[in-house]
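K.L.:
If you read the sequence shown in UniProt numbering, its first letter stands for residue 6, the second for the next number, and so on.
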Amino acid sequence: QVSWKLEDHPKLPKGKTVAVVVLDGWGENKPDEYNCIHVAQTPTMDSLKQGAPEKWRLVKAHGPAVGLPTEDDMGNSEVGHNALGAGRIFAQGAKLVDQALASGKIYEGEGFKYISECFQNATLHLIGLLSDGGVHSRLDQLQLLLKGVSERGAKRIRVHVLTDGRDVLDGSSVGFVETLENDLAKLREKGVDAKIASGGGRMYVTMDRYENDWDVVKRGWDAQVLGEAPYKFTNALEAVKKLRENANDQYLPPFVIVDENNKAVGPIVDGDAVVTFNFRADRMVMLAKALEYPDFDKFDRVRFPKIRYAGMLQYDGELKLPSKYLVSPPEIDRTSGEYLVKNGIRTFACSETVKFGHVTFFWNGNRSGYFNSELEEYVEIPSDVGITFNVKPNMKALEIGEKARDAILSRKFDQVRVNIPNGDMVGHTGDIQATVVACKAADEAVKMILDAIEQVGGIYVVTADHGNAEDMVKRNKSGEPLKHKNGELQILTSHTCLPVPIAIGGPGLAPGVRFRKDVPTGGLANVAATVMNLHGFVAPSDYETTLIEVADN
Ligand code: 3PG
Ligand code: CO
Numbered sequence: 006q007v008s009w010k011l012e013d014h015p016k017l018p019k020g021k022t023v024a025v026v027v028l029d030g031w032g033e034n035k036p037d038e039y040n041c042i043h044v045a046q047t048p049t050m051d052s053l054k055q056g057a058p059e060k061w062r063l064v065k066a067h068g069p070a071v072g073l074p075t076e077d078d079m080g081n082s083e084v085g086h087n088a089l090g091a092g093r094i095f096a097q098g099a100k101l102v103d104q105a106l107a108s109g110k111i112y113e114g115e116g117f118k119y120i121s122e123c124f125q126n127a128t129l130h131l132i133g134l135l136s137d138g139g140v141h142s143r144l145d146q147l148q149l150l151l152k153g154v155s156e157r158g159a160k161r162i163r164v165h166v167l168t169d170g171r172d173v174l175d176g177s178s179v180g181f182v183e184t185l186e187n188d189l190a191k192l193r194e195k196g197v198d199a200k201i202a203s204g205g206g207r208m209y210v211t212m213d214r215y216e217n218d219w220d221v222v223k224r225g226w227d228a229q230v231l232g233e234a235p236y237k238f239t240n241a242l243e244a245v246k247k248l249r250e251n252a253n254d255q256y257l258p259p260f261v262i263v264d265e266n267n268k269a270v271g272p273i274v275d276g277d278a279v280v281t282f283n284f285r286a287d288r289m290v291m292l293a294k295a296l297e298y299p300d301f302d303k304f305d306r307v308r309f310p311k312i313r314y315a316g317m318l319q320y321d322g323e324l325k326l327p328s329k330y331l332v333s334p335p336e337i338d339r340t341s342g343e344y345l346v347k348n349g350i351r352t353f354a355c356s357e358t359v360k361f362g363h364v365t366f367f368w369n370g371n372r373s374g375y376f377n378s379e380l381e382e383y384v385e386i387p388s389d390v391g392i393t394f395n396v397k398p399n400m401k402a403l404e405i406g407e408k409a410r411d412a413i414l415s416r417k418f419d420q421v422r423v424n425i426p427n428g429d430m431v432g433h434t435g436d437i438q439a440t441v442v443a444c445k446a447a448d449e450a451v452k453m454i455l456d457a458i459e460q461v462g463g464i465y466v467v468t469a470d471h472g473n474a475e476d477m478v479k480r481n482k483s484g485e486p487l488k489h490k491n492g493e494l495q496i497l498t499s500h501t502c503l504p505v506p507i508a509i510g511g512p513g514l515a516p517g518v519r520f521r522k523d524v525p526t527g528g529l530a531n532v533a534a535t536v537m538n539l540h541g542f543v544a545p546s547d548y549e550t551t552l553i554e555v556a557d558n
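1. Closer than 6 Å to a non-hydrogen atom of the ligand CO - does that hold for the CB of G428?
2. So what's A469 in DSSP terms, helix, strand or just coil?
3. What separation, rounded to the nearest whole angstrom, lies between the Cα atoms of R416 and G432?
4. Taking C-beta to C-beta, are I262 and A354 nearer than 7 Å?
5. Expressed to the nearest angstrom, what Euclidean distance is found between the alpha-carbon atoms of A127 and A446?
6. Only counting runs of 4 or more residues, tell me where the alpha helix (DSSP H) segments fall wholly within the segment 281-321, in order along the chain.
7. Kindly confirm or deny that the segment 65-72 and the segment 338-345 touch, where touching means at least three C-beta pairs closer than 8 Å.
8. Could you tell me whether the segment 478-489 touches the segment 458-470, where touching means 3 or more Cβ pairs closer than 8 Å?
9. Just the Cα atoms here: how many angstroms apart are T168 and A439?
10. Should L89 go down as buried or exposed, given a rule of 16 or more other Cβ atoms within 10 Å for buried?
11. When we look at the beta-carbon of Q55 and count the other beta-carbons within 10 Å, is it buried (16 or more) or exposed?
12. State the CB to CB distance for the pair V102 and K160, rounded to an integer number of angstroms; the pair is presumed to be in contact (CB under 8 Å).
13. Please report the distance separating the alpha-carbon of Q420 from that of A252.
14. Looking at the unbroken beta strand (DSSP E) that takes in G205, where does it start and where does it end?
15. Quick one: grab the DSSP three-state call for W61.
16. Taking the Cβ atom as the reference point for each residue, do H43 and D470 lie within a distance shorter than 7 Å?
17. May I ask whether a heavy atom of the ligand 3PG can be found less than 6 Å away from the beta carbon of R93?
18. Can you give me the C-alpha to C-alpha distance between A474 and M79, rounded to a whole angstrom?
19. Does the beta carbon of G170 fall short of 6 Å from some heavy atom of the ligand CO?
20. Can you tell me which residues form a DSSP beta bridge with G528?
21. With respect to the beta strand (DSSP E) encompassing Y236, which residues constitute its N-terminal and C-terminal limits?
22. Under 8 Å by Cβ, that's how I've got D429 and M50 pegged, so tell me the actual separation to the nearest angstrom.
23. What's the C-alpha gap between C41 and K21?
24. Please work out which residues of its chain come closer than 6 Å, Cβ to Cβ, to K311, disregarding the five sequence neighbours upstream and downstream, and give them in chain order.
25. Excluding the 5 residues flanking G391 on each side, which residues of the same chain have their C-beta closer than 7 Å to its C-beta?
26. Tell me, please, which residues DSSP counts as bridged to G510.
27. For a test of your reading of the model: does the CB of N81 fall under 6 Å from any non-hydrogen atom of the ligand 3PG? Yes or no.
28. Which same chain residues end up closer than 6 Å to L17 when comparing Cβ atoms and leaving out the 5 residues on each side of it in sequence?
29. Curious, which full-length beta strand (DSSP E) runs of at least 3 residues does the segment 43-121 contain?
30. Quick one: is the Cβ of residue 3 within less than 6 Å of any heavy atom of the ligand 3PG?
31. From the DSSP secondary-structure annotation, give me the bridge partner or partners of G133.
32. How would you write the range of the beta strand (DSSP E) that residue 560 sits in, first residue to last?
33. Ends of the alpha helix (DSSP H) at S341?
34. Give me the Cα-Cα distance between L414 and G472, rounded to the nearest whole angstrom.
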């Protein structure tokens, strides 16, 4: 039984409004022309940095510090917000799947049993992101899974690939498809009928999130389930090469692979098994709903095949979605949000659609909904749909800033928490100029929030979930930008492994509060205890330690 009562902080008062601002994709890097945060005018964030070392510092946001397998794993929003909200480091999906594959436990669970009953007489479909980005999925895990299922009796396998170019370099889809094709050819030599059946770019096909645009999921459904798409090819490698002439990896249109009679080689039909092999939740939840829910009105499914479906993980612990899964998700319990609400902290959270679940669902340990709707209000500002955000780099930063400001000035909330998406969402487009504009917009939103905090005598905590906009090129070991063979720069659309800033301040910050010097390796998971302190509480003893102390003077 959990004791939810938090102890009072011996030195810090209660009753201050605390703004928790998460800049998405905002890391710290050396200044140069590819550091968009440096190039942009960001007077507010610059002024916070002046507070170093007592009021500004860096924290780790990648690798083991956020529960990822290795130091080479860049941070991402899921693990970043999980750590920020939960105050502890949980082994994350990437790592849990690695372990389950290595130990073979993945094949012993209920989820695998369930799907494997189709192996004899039906097709196993694997749907997911094809890259080694390690954010939503990993190619080596797919390879191990293919090997594992074929050794355990899968006779007919169809892979539905989503090309990346967002967590990895644009253009890398070609190599990944080649690798997969080789693997499938080897399986065919062993008598397994294994093929790629369909594909499309992740941002245009299937991997929408937070119900921003169901058309994205529908395009995937049509190709994967119905075997229908505007483009038909007999070979996936050819498909990707051809479609890349007019779109980059993230946005390839949907295609299906057909046989010599122009018939789709792998629609999903009654009796088949389906596994969505992404471990990360946000961009699989919508497809999971379409695959699992008998009652569904988000688009016309045309056919709703009777399948056995399992996720790589269970994606939503509250909805228990999907009900069958191969690997148990991290059990992120007792999050700071839940503690604070149970200790009376009235909480407001806001972002625009594309990041809304980050400050709610991820923050609360991959759990949708409120802990106590009387004390909480979550506001989603609708994102623009059907554009790439380099076209509108300001996104809804201003609107998020305004909502946060109003929430602060209303004095109805003790915590006002936002995610400002610009650095990340525009950074992912690889458009350097637009990302500079994006960073400026994010900085302006921070200013609005800090001004409101000033007016109510509150406290602010400004931080980020991982790096992105601070580095827009791929570099060699000595840090020099790399070029493609044709002389063009290798644009980095992905996140980085760089640390992120955290700043504290505001008129409500008690005198003497400063960053401790004895937590030099602090990471995002240390932020929750810090925020609890600023609300006047001591964090639970198993939380990662607070970053602040109160000096007597
Ligand atoms: C995405 O899903 O957009 C990227 O793969 C990761 O971005 P995020 O972790 O910032 O959401
Ligand atoms: Co991102």
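Heads up, the beta-carbon is just placed ideally off N, CA and C, and yes, glycines get one too.
All of these numbers come straight from a predicted model, not from anything done at the bench.
P.N.:
Here's the rundown:
1. At a cut-off of 6 Å, the beta-carbon of G428 does not count as near the ligand CO: no heavy atom of the ligand is closer than that.
2. In the structure shown, A469 sits in a strand (DSSP, three-state: E or B).
3. Cα-Cα distance, rounded: 34 Å.
4. Result no, Cβ atoms of I262 and A354 do not sit closer than 7 Å.
5. Each residue's alpha carbon lies about 52 Å from the other.
6. You should have 290-297.
7. The segment 65-72 is not in contact with the segment 338-345.
8. Segments in contact, no.
9. If you take the alpha carbons of T168 and A439, they lie about 23 Å apart.
10. The residue in question, L89, is buried, as its Cβ has 16 or more Cβ neighbours within 10 Å.
11. Q55 counts as exposed, since fewer than 16 other beta carbons sit within 10 angstroms of its beta carbon.
12. At roughly 24 Å, the Cβ-Cβ gap does not stay under 8 Å, so V102 and K160 are not in contact.
13. Take the alpha-carbon of Q420 and the one of A252: they are about 42 Å apart.
14. Counting along the chain, G205 sits inside the beta strand (DSSP E) bounded by residues 198-206.
15. Residue state, collapsed to three classes: strand.
16. Annotated as distal: H43 and D470, with beta-carbon spacing of 7 Å or more.
17. Judged by the Cβ position, R93 fails to qualify as a neighbour of the ligand 3PG at the 6 Å threshold, every heavy atom of the ligand being at least this far.
18. If you draw a straight line from the Cα of A474 to the Cα of M79, it comes to about 13 Å.
19. Not so, every heavy atom of the ligand CO lies at least 6 Å from the Cβ.
20. Looking at the DSSP assignment, G528 forms a beta bridge with K65.
21. Y236 -> beta strand (DSSP E) spans 236-238.
22. Going by Cβ atoms, the distance from D429 to M50 rounds to 15 Å, so no, they are not a contact pair.
23. Taking the straight line joining both Cα atoms gives about 34 Å.
24. Cβ neighbours of K311 beyond the five flanking positions: D275.
25. So the list reads D218, once near-sequence residues are dropped.
26. Under DSSP, G510 forms a beta bridge with Y465.
27. Correct: N81 has its Cβ closer than 6 Å to the ligand 3PG.
28. Closer than 6 Å at the Cβ level, and outside the excluded window around L17, lie A515, N538, G541.
29. Counting only runs of 3 or more, we get 61-64.
30. Any property of residue 3 remains undetermined from this structure, which presents the chain solely from 6 to 558.
31. As DSSP reads the structure, G133 sits in a beta bridge with V166.
32. A query on residue 560 cannot be resolved here, the shown segment of the chain reaching from 6 to 558 and no further.
33. Taken as a continuous stretch (DSSP letters only), the alpha helix (DSSP H) holding S341 covers 341-347.
34. Straight-line spacing of the CA atoms in L414 and G472 works out to 31 Å.
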